[in-house]
Structure formats: structure tokens, C-alpha cells
Amino acid sequence: MHHQVLLSAVLTLVSIVVHGAPTYDDSWFQPENSPATALFKKRYVPSPSDANFSSNYPPGWVTPPPSSLPASWTAKLASLTLPNVGVSMPNNGYPTYPNGESGADQNICSFTYQCTAPDDLLTPPDGVLALTFDDGPTDSSPTLYSFLETNNISSKATHFMIGSNILSSPEDMQTAATAGGHIAVHTWSHLYTTTLSNEAVLAELGWTMQIISDLNGGRLPKYWRPPYGDVDNRVRAIAKGVFGLTTVVWNQDTADWAIGTDPAYTISGVEATMDGWFKGPKSPGLCMLEHELNNNTVGVFMTEYPVMTENGWIVKSVPDAFGMPWYQNADGGNTGPVTSLAIGLGTLAITNATSSTSSSSSMNSVTSATATAAVTAIASKTPTKTGGSGRRSTLNSPKLLAVIGLVGAMLL
Numbered sequence: 012m013h014h015q016v017l018l019s020a021v022l023t024l025v026s027i028v029v030h031g032a033p034t035y036d037d038s039w040f041q042p043e044n045s046p047a048t049a050l051f052k053k054r055y056v057p058s059p060s061d062a063n064f065s066s067n068y069p070p071g072w073v074t075p076p077p078s079s080l081p082a083s084w085t086a087k088l089a090s091l092t093l094p095n096v097g098v099s100m101p102n103n104g105y106p107t108y109p110n111g112e113s114g115a116d117q118n119i120c121s122f123t124y125q126c127t128a129p130d131d132l133l134t135p136p137d138g139v140l141a142l143t144f145d146d147g148p149t150d151s152s153p154t155l156y157s158f159l160e161t162n163n164i165s166s167k168a169t170h171f172m173i174g175s176n177i178l179s180s181p182e183d184m185q186t187a188a189t190a191g192g193h194i195a196v197h198t199w200s201h202l203y204t205t206t207l208s209n210e211a212v213l214a215e216l217g218w219t220m221q222i223i224s225d226l227n228g229g230r231l232p233k234y235w236r237p238p239y240g241d242v243d244n245r246v247r248a249i250a251k252g253v254f255g256l257t258t259v260v261w262n263q264d265t266a267d268w269a270i271g272t273d274p275a276y277t278i279s280g281v282e283a284t285m286d287g288w289f290k291g292p293k294s295p296g297l298c299m300l301e302h303e304l305n306n307n308t309v310g311v312f313m314t315e316y317p318v319m320t321e322n323g324w325i326v327k328s329v330p331d332a333f334g335m336p337w338y339q340n341a342d343g344g345n346t347g348p349v350t351s352l353a354i355g356l357g358t359l360a361i362t363n364a365t366s367s368t369s370s371s372s373s374m375n376s377v378t379s380a381t382a383t384a385a386v387t388a389i390a391s392k393t394p395t396k397t398g399g400s401g402r403r404s405t406l407n408s409p410k411l412l413a414v415i416g417l418v419g420a421m422l423l
């Protein structure tokens, strides 16, 4: 009788594993000496097709509230000595700083004011083109991913993805990763990061890292690109000091994002500009701002890709262009091993995840009106996602073998 009850329980466990209940990849654990060990612990996450998938994350298109922040994140932030840079004020897309300070000052070093920090990535070696796409996944992303795969260049593209878009379409993110695409961070809700409090920056970056890691075998992103290029030394310090993120900007803006919204930018005009870069000198290398935002931006890239290659440009992902690892805990693309097991299970609780504001003892947060305007702006240019195509199985043979081994051990 004892064995019958036990066998029934174990068979139920097998059924849960086989039929897609919350599962995990054994390689998810981080090593004790990893900077991310205490920040992103192993947790169970349901399949993207599970109706409860989104309940594992804060709501989309608002900055995750302070109540959603794991204590390990806030403790790490509190341990840092940040640059003495105030929160900027929105100014029609050109943030300004308190006390009349210029964003170009070396203490502030805002990319909006054409200032770059030594650790920023923006200029690849001569002849190398770092291929990047911002704002995915969107309704136009599957077309882009299919084109990249057809041309055998999926692994030569870096996708800076918005956490809220991933939340709406997790399977599309997995499609890009499964094809070999390099996945990086573009914040949770696409706000001007220098206008946010320290805690809000923490939430925007951390939760985007979390959802990417959950859907990509535990691989922790190593790179991020600030929306609108809005970054300064305070935000850089949080990104690097808390999460180990390297800031990636650009040395050429295609302005593809303006097609259809600004009469000064047309498909033919943007393509002509890109033709000039590709047919011109190969020094310095190119790290362009491109988007998988809509059919216009994707179409421009598909038209221009042959021009890149015909003119001898070597196309690479961001980490390959700069000779750096793909992820903080894994190299070798999305199929290489994740750093070995070392720590126990952890969970991240979400409570009262409804507010879009975040407070700081030393910094003022962006006003709710500003946040609403920014969200409205990006939502108006980013198609709302209702789901993706193609499900990646969460079952693999090691899991099943583990369960079978458990059955044997329990029945002895």
C-alpha cells in the first residue's frame, strides 16, 4: 500500500514535468564567486504559454514599484558610492540638470550631450559593423528574425529588448534567442533613465535582466542600451555597480525610428544615408542605431543588408565586435554552458506591483505625469503584443532522468 501511494505521487510528479508545469534548467545556478550570485537566484518560471506566466513579473509599461525590488538589489545599491549627479528634468526629449549644470560636464557626462564614458561601447574596430536592433519584440520582429535566419546571421545581431514587450510576447524573444540572436537589455518601460530615481533605474534594469534570464536558460545579460541614448554617470554607475552591465550607445543614428512620424525622414532618405556609410571609409567601424520597431524599420534593414556585405563590412554582434563575452555567466552564444551549479533555490516575490513611482532619499523620482507621457509616446510607436508564435519545449531529458532516478530511489 505504501508503495502504491508513493508511486501515485511520483507519477503525478512525472506528469507535471511532462506537461509543462513550472520547470527549471539545471545550469541556472550561479557560482559563489559570481557578482550576480546574490542578485539573480534560481527560481521556477512557467512556460511562456502558461496563463500565469505574467504573474511572475511586474505589470508592463510602468516602472516596477519599490515593493517589487528584491532586498539583494537594494542592498547592493546602498553599498555603492554614486557620482554626485542629480536627477535630470524632462525637457521635450532633451533632459536638463539642476542648478544649470551642463550634461556635457565630465562629472555628468550625458550621452544626450555627446559625452561618452571610457567604458561605453560605440566604436568597433575598422571594417566591423556591430549589428543592433532596439525595442523588440514587436509585431514586425518575426519578419526580421526569419530574414536573419535565412541569411545565416542570427548570431551576428544584438537585440536590445524592452522588458514589457518581452512580457507581452515571451515566445518571440525565445525565437530570437533559439535562432542564435544575442539578447541584451533596453529597460522595462523605455523611459528616459536620467529622469528616474536610483530605485527606479534599479527596477527598470533588474526586471528586464530577470525576464531575459528566465527565458534564455539563466543567461544573465551583460549589455544594455539606454532608451533615447539618455544615460549619465549616475545611471552608468547603477547599471555597472549593481548589475555588471556595460553601456552600449552608437556612433551613427539611422533615424529609421522617425519614418512615418517625421516628414523629414523617409524610407528612401534613410536608405540613402545608410548607403553613404556603407560605401564610405571603413574607419572607424560602425555601431548603428536601428530598430525592429515596425515594418518600415525592418524593411530598411532588409534592403540595406546586401549593401553592407557587398561593400566588405564584417557584420558582428556587439560582444563579438568588441571581443567580449556574450553574457555575464556564459559565452559561446545561447548554446554554450552556463556557469556551474553552486547555490540554492531563490525566489523573487511581487507584491503590490501596481504603482509606477519610486522614491529615493537622495533623488527625486520622475513625476507620474512625465512617466505617463513617456509611456504613451513609446506605446504609440511600439505595437501592442498579444502573443507570439512557436513554443520552445521546457522538457529535456536530464529532467526526466532526474525524476526517473527519484522514482527508483523512493521505491527502494
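Okay, so the sequence shown: first residue is 12 according to our numbering, each after it adds one.
Built from N, CA and C at the ideal position, the CB exists for glycine as well.
Check                                                                                                              : Outcome
Nearest residue (CA-CA) to ARG54, options SER224, VAL96, SER175, ALA115                                            : SER224
Nearest-angstrom beta carbon gap, SER328 and ALA168 [assumed within contact, 8 Å]                                  : 6 Å
Minimum C-alpha distance to ASP264 - residue among GLU160, CYS298, GLY280                                          : CYS298
Check whether TRP324 and PRO330 have beta carbons under 8 Å apart                                                  : no
Beta-carbon gap between VAL260 and THR127 smaller than 8 Å                                                         : yes
Where the alpha helix (DSSP H) containing GLY217 begins and where it ends                                          : 209–226
C-beta atoms of ILE177 and PRO148 nearer than 8 Å                                                                  : yes
Beta-carbon proximity of GLU301 to THR198, cut-off 8 Å                                                             : no
DSSP bridge partner residues for ASP264 (one or two, in chain order)                                               : LEU300
Supposed close pair PRO59, LEU226 - CB separation, criterion 8 Å                                                   : 7 Å
Alpha-carbon spacing of ASN345 relative to HIS170, whole angstroms                                                 : 13 Å
Test item: CB-CB of THR258 and VAL281 under 8 Å                                                                    : no
Best match in ALA190, THR320, THR107 for proximity to LEU140 [C-alpha to C-alpha]                                  : THR320
Spatial distance of LEU133 from LEU256 (CA atoms)                                                                  : 15 Å
TRP84 versus ASN102 - alpha carbon distance                                                                        : 30 Å
Straight-line gap, VAL56 to PRO295 (C-alpha atoms, nearest Å)                                                      : 43 Å
Stretch-stretch touch, CB-based, cutoff 8 Å, three pairs: the segment 149–160 with the segment 94–109              : no
Distance, TYR239 Cα to TYR203 Cα                                                                                   : 7 Å
Sequence-distant residues of its chain with Cβ nearer than 6 Å to ASN262 (five each side left out)                 : LEU133, THR134, CYS298
Exposure label - THR362; buried when at least 16 CB within 10 Å                                                    : Legend: pLDDT at THR362 = 32, less than 50; position of this residue unreliable, value from coordinates given subsequently. Exposed, since its Cβ has fewer than 16 Cβ neighbours within 10 Å.
Cα-Cα separation, LEU93 to VAL253                                                                                  : 11 Å
Reference ILE222, options ASP61, PRO69, GLY287, closest by Cα                                                      : PRO69
Distance CB(ARG247)-CB(ASP145) smaller than 8 Å                                                                    : no
Residue from SER279, LYS290, LYS233 whose Cα sits closest to the Cα of ASP131                                      : LYS233
Three-state class that DSSP yields for VAL246 in the structure shown                                               : helix
Check whether TRP288 and SER200 have beta carbons under 8 Å apart                                                  : no
Beta-carbon proximity of VAL318 to ASP286, cut-off 8 Å                                                             : yes
For ALA128, three-class secondary structure by DSSP                                                                : coil
Residues bridged to HIS170 [DSSP beta-bridge criterion]                                                            : PHE144, ILE194
Close-in-space but distant-in-sequence residues of the same chain around MET313 (CB under 6 Å, 5 per side omitted) : PHE158
Start and end residues, alpha helix (DSSP H) containing VAL329                                                     : 329–332
Bridge partner(s) assigned by DSSP for ALA269                                                                      : Answer is none; ALA269 lacks a bridge partner.
Span of the alpha helix (DSSP H), counted from its first residue to its last, around PRO307                        : The residue asked about is misnamed: residue 307 is Asn in this sequence, not Pro. It spans 306–321 - the alpha helix (DSSP H) in which ASN307 sits, taken as one unbroken run.
Per-residue burial, GLN125 [other beta carbons within 10 Å of its own, 16 or more giving buried]                   : exposed
Cα-Cα separation, VAL98 to ALA211                                                                                  : 11 Å
GLY355, buried or exposed, once every other Cβ within 10 Å from all chains shown has been counted against 16       : The pLDDT assigned to GLY355 is 28, lower than 50, so where the model puts this residue is not dependable, and the model offers no usable value.
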